[in-house]
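Contents: one structure, followed by commentary.
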Amino acid sequence: MASARERSAGTGDLVVSADGTEIAFDRSGTGPAVVLVASALADRSDTAKLAALLAEDFTVINYDRRGRGASGDADSYTPDREIEDIAALIAHVGGSASLFGSSSGAVLALRAAAAGVDVDRLALYEPPFVVADGDDGPPGDLAQQVNALLADGRDGDAVRYFMTRVQGMPGAAVFFMKLMPKVWANLTGMARTLPYDIAVMGETQRGEPLRPEEWQGVTVPTRVLTGGKSPAAFRRAADAVTEILPRADHRVLPGLGHGAVVMTPRKIAPQITEFLKMS
Numbered sequence: 001m002a003s004a005r006e007r008s009a010g011t012g013d014l015v016v017s018a019d020g021t022e023i024a025f026d027r028s029g030t031g032p033a034v035v036l037v038a039s040a041l042a043d044r045s046d047t048a049k050l051a052a053l054l055a056e057d058f059t060v061i062n063y064d065r066r067g068r069g070a071s072g073d074a075d076s077y078t079p080d081r082e083i084e085d086i087a088a089l090i091a092h093v094g095g096s097a098s099l100f101g102s103s104s105g106a107v108l109a110l111r112a113a114a115a116g117v118d119v120d121r122l123a124l125y126e127p128p129f130v131v132a133d134g135d136d137g138p139p140g141d142l143a144q145q146v147n148a149l150l151a152d153g154r155d156g157d158a159v160r161y162f163m164t165r166v167q168g169m170p171g172a173a174v175f176f177m178k179l180m181p182k183v184w185a186n187l188t189g190m191a192r193t194l195p196y197d198i199a200v201m202g203e204t205q206r207g208e209p210l211r212p213e214e215w216q217g218v219t220v221p222t223r224v225l226t227g228g229k230s231p232a233a234f235r236r237a238a239d240a241v242t243e244i245l246p247r248a249d250h251r252v253l254p255g256l257g258h259g260a261v262v263m264t265p266r267k268i269a270p271q272i273t274e275f276l277k278m279s
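This is the structure we're talking about:
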């Protein structure tokens, strides 16, 4: 789907996407390839521990989504550009790979498969679809609010707004994060990519059923994982995905929450490994 050229850099390796944007990644392990697709306000440092665990069985491509970390960006954005980034990474490892995505990264992985990128399998952790009336979704004017804050140069306020109004984080927790300069600087450094994740989610968080035609290109084996401690809306979303995809199933992991990919990767890695190794 996208041609790519690769070169090494001090920040890891670089692949050049179809629009010329350089995408930085780390490659580790041997075996079948799996690309890790991060969530909103996350870069490859957030999935580094998971990558190390999966590298015992797979060739792992852990990358910075565009606009984050050591990756470049372009003047304009559509989710198609990020799909081309994934295609370029897959071309780098030989033309096919599985994808693991978490939260909005899971939805981006689904969109890549739906668009025809050569994906072997999809493992997804808690895609944040809002499919039932009454389930909490983001504010209807989320994009406008975030864009207005960013336009005013209030990147930190945009991060706080997203964390509290979309991710459901208590304001006190965000306050304490702001007391950790490196953590907060990393988050605010990714604030400009919040509209990207909002665009990736599209109209899928309005409390309405998923539109099957939007995902009909996803025909590969797919496993949706959810945490037993997460709100029930995530499990309803996972069930909705399995209902519209022909080769999907859903597993609930007891005791885990939405941040498990970063907080408890050792409990998620075996589930991903088992699924990706299935014949």
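Per UniProt numbering, residue 1 is the first one in the sequence shown, and the count goes up by one each step. Backbone N, C-alpha and C define an ideal beta-carbon position, used for all residues, glycine too.
C-alpha gap between residue i and residue j, whole angstroms
i: E6; j: L194; result: Confidence is the limiting factor: at E6 the pLDDT is only 42, short of 50, which leaves the residue's position unreliable and the question unanswerable from this model.
i: D118; j: T219; result: 11 angstroms
i: A114; j: A87; result: 12 angstroms
i: A248; j: A97; result: 17 angstroms
i: K229; j: G168; result: 14 angstroms
i: D239; j: L14; result: 37 angstroms
i: K178; j: G171; result: 11 angstroms
i: S76; j: A112; result: 19 angstroms
i: T93; j: D152; result: Just to set this straight, residue 93 is Val in the shown sequence, not Thr. So the alpha carbons of these two residues sit roughly 41 angstroms apart.
i: residue 286; j: T188; result: Shown here, the chain extends from 1 to 279; a query on residue 286 therefore has no answer.
i: A123; j: E84; result: 19 angstroms
i: D133; j: V241; result: 16 angstroms
i: E214; j: A232; result: 24 angstroms
i: M201; j: S279; result: 31 angstroms
i: E56; j: N62; result: 14 angstroms
i: P127; j: P181; result: 29 angstroms
Own chain, CB closer than 7 angstroms to residue i, minus 5 neighbours either side, in chain order
i: K267; result: L253, L256 and A260
i: A191; result: L150, D155, A158 and V159
i: I244; result: L210, P212 and W215
i: D46; result: A38 and V262
i: T164; result: G171 and V174
i: R68; result: D43, M190 and T193
i: Q145; result: P139 and Y161
Cβ-based neighbour list, residue i, same chain, cut-off 8 angstroms, excluding 5 preceding and 5 following
i: residue 343; result: For residue 343 there is no data in the structure shown, the boundaries of the chain being 1 and 279.
i: R235; result: T226, H250 and V252
i: N147; result: P195
Anticipated Cβ contact below 8 angstroms, residue i with residue j, distance rounded
i: Q205; j: F129; result: 7 angstroms
i: A143; j: Y125; result: Rounded, the Cβ-Cβ distance is 24 angstroms, inconsistent with contact.
i: A50; j: T273; result: Here residue 50 is Leu; the residue named in the question, Ala, does not match the sequence. Actually they are not in contact, since the Cβ atoms of L50 and T273 sit about 11 angstroms apart, beyond 8 angstroms.
i: V35; j: I90; result: 7 angstroms
i: S104; j: A185; result: Not really, about 22 angstroms apart at Cβ, beyond 8 angstroms.
i: G207; j: D135; result: 6 angstroms
Beta-carbon proximity list for residue i, same chain, < 6 angstroms, skipping 5 on both sides
i: R121; result: S98, V220, P221 and L276
i: D64; result: A24, D43, R44, A70 and S71
i: F58; result: G29, G31, P32 and V34
i: F162; result: L194
i: V224; result: L124, A238, V241 and H250
i: A199; result: P79
Element boundaries [beta strand (DSSP E), containing residue i]
i: A33; result: A33 to V37
i: residue 281; result: Because the chain spans 1 through 279 in this model, residue 281 falls outside it and cannot be assessed.
i: T226; result: T222 to G227
i: residue 281; result: For the chain, the structure presents residues 1 to 279; residue 281 sits outside this window and is missing.
Residue i - containing alpha helix (DSSP H), residue span
i: D197; result: L194 to M201
i: V15; result: Where V15 is concerned, there is no enclosing alpha helix (DSSP H), although the beta strand (DSSP E) it sits in stretches over G12 to V16.
i: G189; result: P181 to G189
i: T164; result: D155 to R165
i: V174; result: G171 to K178
_Secondary structure, alpha helix (DSSP H): runs of 4+ residues fully inside the stretch 229–275_ = DSSP runs (the alpha helix (DSSP H)) wholly in the stretch 229–275: 232–244 and 260–263.
*Entirely enclosed beta strand (DSSP E) segments - the stretch 113–142, minimum 3 residues*: Taken in chain order, the unbroken stretches of beta strand (DSSP E) that lie wholly in the stretch 113–142 and span 3 residues or more are 119–125.
*Which ranges would you report for the alpha helix (DSSP H) in the stretch 55–117 if only whole runs of at least 4 residues count?*
For secondary structure counted as the alpha helix (DSSP H) over 4 or more consecutive residues, the stretch 55–117 holds these complete runs in sequence order: 79–92 and 104–114.
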